[in-house]
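Protein chains: 2
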Amino acid sequence: MANSHIYSPFDEELKYLARRIAEMGGMAEQMVSDAVRALVNSDSALAQRVISEDVLMDEAEREIGDKAILMIAKRQPVASDLREVIGSIRIASDLERVGDLGKSNAKRVIAVQNTGVPRPLARGIEHLSELALFQLKEVLDVFSNRSAEKAEAIRRRDEEIDAMYTSLFRELLTYMMEDPRNITSCTHLLFCAKNIERIGDHATNIAETIYYMSTGENPTGERPKDDNTASVIQPVDQG
Amino acid sequence: MANSHIYSPFDEELKYLARRIAEMGGMAEQMVSDAVRALVNSDSALAQRVISEDVLMDEAEREIGDKAILMIAKRQPVASDLREVIGSIRIASDLERVGDLGKSNAKRVIAVQNTGVPRPLARGIEHLSELALFQLKEVLDVFSNRSAEKAEAIRRRDEEIDAMYTSLFRELLTYMMEDPRNITSCTHLLFCAKNIERIGDHATNIAETIYYMSTGENPTGERPKDDNTASVIQPVDQG
Chain W
1 MANSHIYSPF DEELKYLARR IAEMGGMAEQ MVSDAVRALV NSDSALAQRV ISEDVLMDEA
61 EREIGDKAIL MIAKRQPVAS DLREVIGSIR IASDLERVGD LGKSNAKRVI AVQNTGVPRP
121 LARGIEHLSE LALFQLKEVL DVFSNRSAEK AEAIRRRDEE IDAMYTSLFR ELLTYMMEDP
181 RNITSCTHLL FCAKNIERIG DHATNIAETI YYMSTGENPT GERPKDDNTA SVIQPVDQG
Chain U
1 MANSHIYSPF DEELKYLARR IAEMGGMAEQ MVSDAVRALV NSDSALAQRV ISEDVLMDEA
61 EREIGDKAIL MIAKRQPVAS DLREVIGSIR IASDLERVGD LGKSNAKRVI AVQNTGVPRP
121 LARGIEHLSE LALFQLKEVL DVFSNRSAEK AEAIRRRDEE IDAMYTSLFR ELLTYMMEDP
181 RNITSCTHLL FCAKNIERIG DHATNIAETI YYMSTGENPT GERPKDDNTA SVIQPVDQG
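Which chain is which? The protein sequence lines are W and U, in order.
For the first sequence, position 11 (counting from the first letter as 1) is numbered 11 according to full-length UniProt numbering, and the numbering increases by one without interruption.
For the second sequence, position 66 (counting from the first letter as 1) is numbered 66 according to full-length UniProt numbering, and the numbering increases by one without interruption.
As structure tokens, then:
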């Protein structure tokens with residue numbers, strides 16, 4: 001869109017892609033947020049709704065991908081126009097994965113329902129999810145405004161989510177050690193927390209794609225995609 | 001490549017992409033296999049090698065992506081030629097993620113080293129990894145030969161990996177319940193097993209991309225990307 005070519009059907013098509021991506025983004029946010037709410041409130045009806053919504057995300061990704069490829073074939077865009085189209089495919093793919101992760105959390109609601117989620121753990125999951133959702137919301141705003149600098153800032157903030165995830169990881173291990181009856185439900189919560197951490201990664205991927213769309217460059221500097229729990233040997237507090 | 005256009009520089013470039021993807025595939029297989037070997041043998045030197053190799057995968061993905069976009073801008077391919085180029089971007093991205101998952105498993109070697117991996121669990125992890133590697137190898141073979149039917153068969157076989165993963169998931173929970181001292185290391189092994197299950201998903205993604213490259217269609221029918229452990233309420237055998 002930054003290009004100086006005259007207003008054209010191609011611009012209309014780009015706008016359509018951007019609108020569909022914004023819609024996917026809104027739905028992804030809702031799914032992630034609802035899944036966590038379903039989890040902490042043992043709300044299996046809400047969980048079911050999240051699960052059934054995932055098919056809409058799959059369809060949207062497919063439609064955006066098909067449309068984008070048709071645009072390349074028909075309009076043969078180059079430079080920033082081409083990057084816009086390729087970037088749209090990538091972002092739709094990341095958002096579809098965010099929807100999957102929301103669905104995956106919703107599917108664990110039943111397994112966790114028997115024991116419920118202890119209050120401090122629920123708060124931890126909620127807080128982690130707020131961080132990831134904030135990241136996702138920011139990145140979708142940046143997508144509307146196309147600021148390469150802001151995209152770069154979001155990319156760096158993923159560390160905050162990783163730190164929160166590591167702390168929750170330790171806390172969950174502690175609960176499991178305190179009472180083996182917590183093991184099954186805490187294992188599910190561990191995977192939920194990991195899913196939320198991955199949602200943060202996808203937001204960061206999207207920030208990188210936006211940076212690329214705006215500048216034609218990939219952002220420099222290492223961005224660790226893996227979490228920091230790999231080396232956790234034992235919880236700080238064994239109760 | 002299935003197109004009837006005359007032999008051209010574009011064909012040369014497509015061949016180059018295919019060769020780079022095959023190289024990435026070979027490296028991904030090696031990383032996944034080495035990471036599991038490092039895990040079951042507590043071999044931290046091997047783990048370190050896997051971790052350091054990941055940067056080569058990142059570079060390869062970036063190079064393939066840049067090259068592909070340059071090809072689109074310069075050659076303006078349509079139909080199956082365009083699908084080949086777009087498909088290459090997608091496959092490189094899946095292979096890069098497989099490398100990440102191998103690296104993620106390698107990073108857990110230190111955490112598991114203290115307790116070691118009990119023999120039956122080691123065998124379970126090895127078996128799961130063999131299934132995923134077989135799937136990955138098959139899909140890379142199909143990538144060389146472009147058989148849409150074979151790609152479809154691979155896509156369906158992902159269920160075998162999911163079943164094996166669910167069984168390992170239950171077994172790990174049982175170990176944790178039997179002795180809380182197993183909790184930390186078994187949690188790491190759970191994540192390793194999940195990573196391997198995800199490698200199977202990426203192989204399936206690649207099969208879908210190959211199907212799309214060959215036919216221009218997305219494969220039909222639901223393919224569950226999530227695992228089946230979400231509803232595991234308690235292990236079959238509590239010891």
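Backbone N, C-alpha and C fix where the C-beta goes; we use that ideal spot for every residue, glycine too.
With 16 as the cutoff for other CB atoms within 10 Å, does residue i come out buried or exposed?
{"i": "W:Asp179", "result": "exposed"}
{"i": "U:Ala153", "result": "exposed"}
{"i": "U:Gly216", "result": "exposed"}
{"i": "U:Gly116", "result": "exposed"}
{"i": "W:Asp162", "result": "buried"}
{"i": "W:Tyr7", "result": "exposed"}
{"i": "U:Arg119", "result": "exposed"}
{"i": "U:Ala79", "result": "exposed"}
{"i": "W:Gly87", "result": "buried"}
{"i": "W:Asn145", "result": "exposed"}
{"i": "W:Ser52", "result": "exposed"}
{"i": "W:Gly102", "result": "buried"}
My output table needs one value for residue i: the three-state DSSP class, helix, strand or coil.
{"i": "U:Ser217", "result": "The question names Ser, yet the displayed sequence has Glu at residue 217 of chain U. Three-state result, U:Glu217: coil."}
{"i": "W:Asp43", "result": "coil"}
{"i": "W:Gln113", "result": "helix"}
{"i": "U:Asn145", "result": "helix"}
{"i": "U:Val98", "result": "helix"}
{"i": "W:Val50", "result": "helix"}
{"i": "U:Arg170", "result": "helix"}
{"i": "W:Pro118", "result": "coil"}
{"i": "W:Arg62", "result": "helix"}
{"i": "U:Asn228", "result": "coil"}
{"i": "U:Asp179", "result": "coil"}
{"i": "W:Gly239", "result": "With a pLDDT of only 34 at W:Gly239, under the threshold of 50, the placement of this residue in the model should not be trusted; the figure read from the coordinates follows. Looking at W:Gly239 - three-state DSSP - the assignment turns out to be coil, as it is neither helix nor strand."}
{"i": "W:Ser8", "result": "coil"}
{"i": "U:Arg108", "result": "coil"}
{"i": "U:Gln76", "result": "coil"}
{"i": "W:Ile91", "result": "helix"}
{"i": "U:Ile206", "result": "helix"}
{"i": "U:Ile233", "result": "coil"}
Taking the straight line between their C-alpha atoms, what separation do you get for residue i and residue j?
{"i": "U:Ser44", "j": "U:Asn182", "result": "20 Å"}
{"i": "W:Arg62", "j": "U:Thr220", "result": "12 Å"}
{"i": "W:Asn58", "j": "W:Gly99", "result": "Contrary to the premise, residue 58 of chain W reads as Asp rather than Asn in this sequence. The alpha-carbon atoms of W:Asp58 and W:Gly99 are separated by roughly 9 Å."}
{"i": "U:Pro235", "j": "U:Arg198", "result": "Confidence in U:Pro235 is poor, its pLDDT being 48 and thus under 50, which makes the residue's placement unreliable; the coordinate value appears in the next sentence. Each residue's Cα considered, the two are about 22 Å apart."}
{"i": "W:Ser185", "j": "U:Leu39", "result": "26 Å"}
{"i": "W:Asp227", "j": "W:Gln30", "result": "24 Å"}
{"i": "U:Met164", "j": "U:Arg170", "result": "10 Å"}
{"i": "W:Ser104", "j": "U:Ala106", "result": "25 Å"}
{"i": "U:Gln238", "j": "W:Ala132", "result": "Confidence in U:Gln238 is poor, its pLDDT being 38 and thus under 50, which makes the residue's placement too unreliable to answer from."}
{"i": "U:Leu121", "j": "U:Phe10", "result": "49 Å"}
{"i": "U:Ala73", "j": "W:Ser214", "result": "17 Å"}
{"i": "W:Arg108", "j": "U:Lys194", "result": "15 Å"}
{"i": "W:Cys192", "j": "W:Ser167", "result": "14 Å"}
{"i": "W:Val32", "j": "W:Ser147", "result": "25 Å"}
{"i": "W:Ala230", "j": "U:Arg83", "result": "38 Å"}
{"i": "U:Arg157", "j": "U:Ile196", "result": "15 Å"}
{"i": "U:Met1", "j": "U:Arg20", "result": "Because the pLDDT of U:Met1 is 49, which lies under 50, any placement of that residue in the model is unreliable, and the number read from its coordinates should be weighed accordingly. Distance between the alpha carbons of U:Met1 and U:Arg20 is about 16 Å."}
{"i": "U:Lys67", "j": "W:Thr209", "result": "16 Å"}
{"i": "residue 241 of chain U", "j": "U:Ala22", "result": "A query on residue 241 of chain U cannot be resolved here, the shown segment of chain U reaching from 1 to 239 and no further."}
Contact defined as beta carbons within less than 8 Å: I believe residue i pairs with residue j. What is the distance between those atoms, to the nearest angstrom?
{"i": "W:Ala28", "j": "W:Leu70", "result": "Not quite, the Cβ-Cβ distance comes to about 24 Å (not below 8 Å), so this is no contact."}
{"i": "W:Leu173", "j": "W:Leu189", "result": "Rounded, the Cβ-Cβ distance is 11 Å, inconsistent with contact."}
{"i": "W:Val55", "j": "W:Asp34", "result": "With 8 Å as the limit, W:Val55 and W:Asp34 do not qualify as a contact, their Cβ atoms being about 15 Å apart."}
{"i": "W:Ala47", "j": "U:Ile233", "result": "Their Cβ separation, rounded to whole angstroms, is 15 Å, which puts W:Ala47 and U:Ile233 out of contact at 8 Å."}
Members of the segment 156 to 186 of chain U near chain W, C-beta cut-off 7 Å: Leu173, Met176, Met177, Pro180, Ile183, Thr184
Interfacial residues, the segment 106 to 117 of chain U to chain W, with Cβ spacing under 7 Å: Here the close residues are Lys107, Arg108, Ile110, Ala111, Asn114.
Chain W contacts from the segment 48 to 64 of chain U (Cβ-Cβ distance under 7 Å): Arg62
Positions along the segment 129 to 146 of chain U whose CB lies within less than 7 Å of some CB in chain W: Hits within the stretch: zero.
Contact set between the segment 188 to 206 of chain U and chain W, restricted to residues whose Cβ is under 8 Å from the partner: His188, Leu190, Phe191, Lys194
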